[in-house]
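Listed in order, the protein sequences are those of chains A and B. For the first sequence, this note's numbering assigns the number -3 to the initial residue and increments by one for each residue that follows. For the second sequence, this note's numbering assigns the number 162 to the initial residue and increments by one for each residue that follows. Positions of the beta carbon are idealized from the N, C-alpha and C atoms, including for glycine. A quick note: this is a predicted structure, and the numbers were derived from the prediction, not measured.
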Amino acid sequence: MRPIIGITTYVLPATWGVWRDLPSALVPHDYVESVRLAGGRAVLLPPDDLDADVLGRLDGLLLAGGPDVDPARYGADPEPLTVAHPERDAAELVLLRAALDRDLPILGVCRGMQLLAVAAGGTLHQHLPDIIGHEKHRLAPGVYSEQSATFVPGSRIAALLGDDATIHCFHHQGVADAGSLTVTGRAVDGVPEAIEDPDRRFVLGVQWHPEVSRDRRLFGALVAAATGDKEDPAACADR
Amino acid sequence: MRRPLIGLTAYAEHVQYGQHDLMAGVLPMTYVKAVHATGGRAVLITPDDPGTDVLDSLDGVVFTGGGDVDPANYGATPHPATEPDKARDTAELLLMRAALDAELPVLGVCRGMQVMAVATGGSLHQHLPEVIGHERHRAASGTDPLAADAADYGRHDVVVDEDSRAHHYFGRCLTVNSFHHQAVADPGEFVAVGWCPDDRVVEIIERPGRAFAMGVQWHPERTPDLRSFAALIEAASRAQAVTAA
Chain A
-3 MRPIIGITTY VLPATWGVWR DLPSALVPHD YVESVRLAGG RAVLLPPDDL
47 DADVLGRLDG LLLAGGPDVD PARYGADPEP LTVAHPERDA AELVLLRAAL
97 DRDLPILGVC RGMQLLAVAA GGTLHQHLPD IIGHEKHRLA PGVYSEQSAT
147 FVPGSRIAAL LGDDATIHCF HHQGVADAGS LTVTGRAVDG VPEAIEDPDR
197 RFVLGVQWHP EVSRDRRLFG ALVAAATGDK EDPAACADR
Chain B
162 MRRPLIGLTA YAEHVQYGQH DLMAGVLPMT YVKAVHATGG RAVLITPDDP
212 GTDVLDSLDG VVFTGGGDVD PANYGATPHP ATEPDKARDT AELLLMRAAL
262 DAELPVLGVC RGMQVMAVAT GGSLHQHLPE VIGHERHRAA SGTDPLAADA
312 ADYGRHDVVV DEDSRAHHYF GRCLTVNSFH HQAVADPGEF VAVGWCPDDR
362 VVEIIERPGR AFAMGVQWHP ERTPDLRSFA ALIEAASRAQ AVTAA
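The following block contains the structure:
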């Protein structure tokens, strides 16, 4: 059996087929396809903050991109351009904290990386152009900006990406303080692009969108870590 | 006890939201909320990765509404009004057969009920108005036929066989919404146990003597009447307790 990777979803009014602006749970196909190509089986996790029991059936957690984290979660007032979705924050933080407790493999993408930082006691910049003076991390709606990142030698992300440090960005917020996590990658302008927890089996956040290129290096590493979990009898005892 | 984990079959479609226009795995939140309101935990299964291994992790499955089943799956040629969703057919026929074989509790809603019939050798009426001579089973999308001020278009009664399992959940008669243009002609290994009294269109099918498997032709997730979802969750909880024991 392939390892099962849960992907957190958006909840938005969506239009398809006969439906117009219908409140829907959705996640871009790129995430599902990236997990599939890496050898995992994706299921989508619509927000639900009652409990994290679903983790008992999952082998890995993928925190997808999405709206801004509610600044109240890191003790700040919302700035004018911050668009939060508190229902998603509540549900994903329940899952994330329980996943950390279980040492379940976790990959956070964009918003997912920011959530990792906030859960680790960190904070965010609410609008990067105000801090760094340019818009290169989010050029235009639906356009990913190609950038180059630098990784800390010896880090997990450096080992995974090797010499090819091309990344595809689309974000207007960024990690200001990674809390108890380590910043292991930065863009040329110094913006944190990768964070990780060296003390856990697999906890990695990336600020860019590896699902757009279906990056086997990252999703493969998540699936491999999740597969390891399945083969560990102790970890399977509570299934 | 842990909430039963319920897989919901989802669409993989080109979706527009905000300023985005892209392929996505997507499902109306009404289904998710119906599962959560009746005590389950919902996860979505997209059709872009056909396979049955995911069933090992689930306590039950809801086969949701959607486009038509490709008539080739029951040996018929397509009617001009038939709009098949072949990607979902492939994934869901595979999942349905495996779930029934594994005695996993399953609920079929609208298209999901039709998938039940086709997966077990049955067949569908491809365009109901030509069979029964009226369009009253197809309310406009986005309407609520059960609203107090709605016309009776897209709303009708269902009469339930007194010897069925469905009778235990619904009693002799209930009023439902209706958003379909196809219907079950031959329920395959299932048995028809509920009908619209006006035209004898099949509205409920079930699989006697086996694990919970029920199909309903209406859309309970869009109403406050979640008895069919509650029945699935109850069966999934029972199965989960047996497995855990």
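Mind listing the chain A neighbours of residue i? Cutoff is C-beta to C-beta under 9 angstroms, in chain order.
i, result
"methionine 190 of chain B", "Val7, Leu18, Pro19, Ser20, Ala21 and Pro42"
"leucine 387 of chain B", "By Cβ distance, chain A contributes nothing, its closest Cβ being about 16 angstroms from leucine 387 of chain B, past 9 angstroms."
"glycine 303 of chain B", "Val14, Trp15, Arg16 and Leu18"
"leucine 255 of chain B", "Neighbours of leucine 255 of chain B on chain A: none; closest Cβ ~14 angstroms, over 9 angstroms."
"serine 284 of chain B", "Near serine 284 of chain B there are no residues of chain A at all, since even the closest Cβ is about 24 angstroms away, more than 9 angstroms."
"histidine 197 of chain B", "Pro42, Asp44 and Leu46"
What distance in whole Å lies between the Cβ atoms of residue j and residue i, which are believed to be in contact at a cut-off of 8 angstroms?
i, j, result
"leucine 169 of chain B", "tyrosine 192 of chain B", "5 angstroms"
"valine 65 of chain A", "leucine 124 of chain A", "Not confirmed; about 14 angstroms, so no contact."
"alanine 171 of chain B", "leucine 188 of chain B", "4 angstroms"
"glutamate 131 of chain A", "threonine 162 of chain A", "That belief does not hold up - the Cβ atoms of glutamate 131 of chain A and threonine 162 of chain A are roughly 19 angstroms apart, past 8 angstroms."
"phenylalanine 215 of chain A", "serine 30 of chain A", "5 angstroms"
To the nearest angstrom, report how far apart residue i and residue j are at their CA atoms.
i, j, result
"valine 270 of chain B", "arginine 32 of chain A", "27 angstroms"
"leucine 205 of chain B", "threonine 304 of chain B", "25 angstroms"
"proline 9 of chain A", "glycine 150 of chain A", "43 angstroms"
"aspartate 97 of chain A", "aspartate 193 of chain A", "13 angstroms"
"valine 179 of chain A", "aspartate 182 of chain B", "33 angstroms"
"methionine 109 of chain A", "serine 325 of chain B", "52 angstroms"
"glutamine 180 of chain B", "proline 76 of chain A", "19 angstroms"
"glycine 71 of chain A", "glutamine 203 of chain A", "21 angstroms"
"aspartate 347 of chain B", "valine 114 of chain A", "55 angstroms"
"proline 266 of chain B", "valine 171 of chain A", "45 angstroms"
"proline 208 of chain B", "proline 245 of chain B", "14 angstroms"
Based on DSSP bridge pairs, tell me the residues matched to residue i.
i, result
"histidine 317 of chain B", "B/Val337"
"tyrosine 172 of chain B", "B/Val187"
"serine 218 of chain B", "Partner(s): none; serine 218 of chain B has no beta bridge."
"isoleucine 236 of chain A", "Nothing about residue 236 of chain A can be read from this structure; chain A reaches only from -3 to 235."
"isoleucine 3 of chain A", "A/Leu40 and A/Leu58"
"methionine 375 of chain B", "B/Leu268 and B/Glu367"
"threonine 178 of chain A", "A/Glu192"
"isoleucine 206 of chain B", "B/Thr170"
"proline 290 of chain B", "Answer is none; proline 290 of chain B lacks a bridge partner."
If the cut is a Cβ gap below 8 angstroms, which residues of chain B does residue i touch?
i, result
"glycine 52 of chain A", "Arg163"
"glycine 2 of chain A", "Val204"
Spatial neighbours of residue i within its chain, please: C-beta separation below 7 angstroms, excluding the five flanking residues on both sides.
i, result
"arginine 164 of chain B", "Gly200, Gly201 and Arg202"
"threonine 213 of chain B", "Leu255, Leu256 and Ala259"
"glutamine 275 of chain B", "Val230, Leu285, Gln343 and Val345"
"aspartate 234 of chain A", "Low per-residue confidence applies at aspartate 234 of chain A: pLDDT is 42, beneath 50, and the placement is therefore not dependable enough to give any value."
Which residues in chain A have a C-beta closer than 7 angstroms to the C-beta of residue i? List them in chain order.
i, result
"isoleucine 206 of chain B", "Val39"
"arginine 202 of chain B", "Asp44, Asp49 and Val50"
"aspartate 214 of chain B", "Met(-3), Arg(-2) and Arg37"
"glycine 186 of chain B", "Leu22, Val23, His25, Val28 and Leu40"
"leucine 166 of chain B", "Val50 and Arg53"
"histidine 175 of chain B", "Trp12"
Against residue i, what residues of chain A qualify as contacts under a CB-to-CB distance less than 8 angstroms, listed in chain order?
i, result
"tyrosine 172 of chain B", "Trp12 and Gly13"
Name, please, each residue of chain B whose Cβ falls closer than 9 angstroms to the Cβ of residue i.
i, result
"proline 137 of chain A", "Gly179, Gln180 and His181"
Report the neighbours of residue i on chain B: residues whose CB is nearer than 7 angstroms to its CB, in chain order.
i, result
"arginine 32 of chain A", "Asp210"
Within its chain, find whatever has a CB closer than 8 angstroms to the CB of residue i; leave out the 5 residues flanking it on each side and keep chain order.
i, result
"arginine 316 of chain B", "Ala300, Pro306, Leu307, Thr336, Val337, Asn338 and Ser339"
"aspartate 228 of chain A", "With a pLDDT of 47 at aspartate 228 of chain A, under the threshold of 50, the modelled position of this residue cannot be trusted; read the value that follows with caution. Excluding sequence neighbours, aspartate 228 of chain A sits near nothing in its chain."
"valine 403 of chain B", "none"
"glutamine 122 of chain A", "Asp64, Pro67, Ala72, Pro74, Glu75, Leu77, Thr78 and Gln169"
"alanine 242 of chain B", "Gln287, His288 and His342"
"leucine 219 of chain B", "Leu166, Ile167, Gly168, Val204 and Leu265"
Who are the near neighbours of residue i in its chain, counting only those whose CB is closer than 6 angstroms to its CB and skipping five residues on each side?
i, result
"cysteine 232 of chain A", "Low confidence applies to cysteine 232 of chain A: its pLDDT is 40, below 50, so where it sits in the model is not reliable, and the reading given next is rough at best. Taken in chain order, the list of residues that qualify is empty."
"valine 28 of chain A", "Ala38"
"leucine 58 of chain A", "Ile1, Ile3 and Leu103"
"alanine 185 of chain B", "Val176"
"alanine 217 of chain A", "Leu156"
"threonine 251 of chain B", "Pro211"
Between residue i and chain D, is any beta-carbon pair separated by less than 8 angstroms?
i, result
"aspartate 217 of chain B", "Absence of chain D from the displayed structure is noted, the protein chains being A and B."
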